[in-house]
Amino acid sequence: KTLRWLVREAQLQKIPYILICGPREAAEGKVALRLRTGEDLGPKPLSEVVDRVRAVSLDRAGLL
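Each residue of the sequence shown is one higher than the last, beginning at 1492 in our numbering.
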């Protein structure tokens, strides 16, 4: 299975966030972030991605 195939499958399953961590991202302590819409937000620190997902989840749950 190629990376392209895995990303496409995630988009078809409507997974909201796709995190990609290859050797380059791991060395930098980052993950590449893509949205379900196909928008590529580029490499971000993992803590920033976790904070973003947590904030969106809490907002949608009405807890923020």
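All C-beta atoms in this analysis are idealised placements derived from N, C-alpha and C, irrespective of residue type, glycine included. What you are looking at is a predicted structure, and each value in this text was computed from that prediction instead of being measured.
Kindly indicate the opening and closing residues of the beta strand (DSSP E) around residue i.
i, result
"P1507", "Segment: none, P1507 is in no beta strand (DSSP E) and carries neither H nor E."
"R1525", "K1521 to L1526"
Which one of the options has the shortest CA to CA distance from residue i?
i, options, result
"P1534", "R1499, V1541, C1512 and R1495", "C1512"
"E1519", "R1527, V1547, Y1508 and L1537", "L1537"
"K1521", "E1539, V1498 and G1529", "E1539"
Within the same chain, show all residues whose beta-carbon is closer than 6 Å to that of residue i, passing over the 5 residues directly before and after it, in chain order.
i, result
"L1554", "none"
"R1525", "I1509 and D1531"
Kindly indicate the opening and closing residues of the alpha helix (DSSP H) around residue i.
i, result
"L1549", "L1537 to R1551"
Helix, strand or coil: which one does DSSP assign to residue i?
i, result
"V1532", "First, the residue type needs correcting, since residue 1532 is Leu and not Val in the sequence shown. In the structure shown, L1532 sits in a strand (DSSP, three-state: E or B)."
"L1554", "coil"
Tell me which residues share the same chain as residue i and place their Cβ nearer than 7 Å to its Cβ, disregarding the 5 neighbours each side in the sequence.
i, result
"K1505", "R1527"
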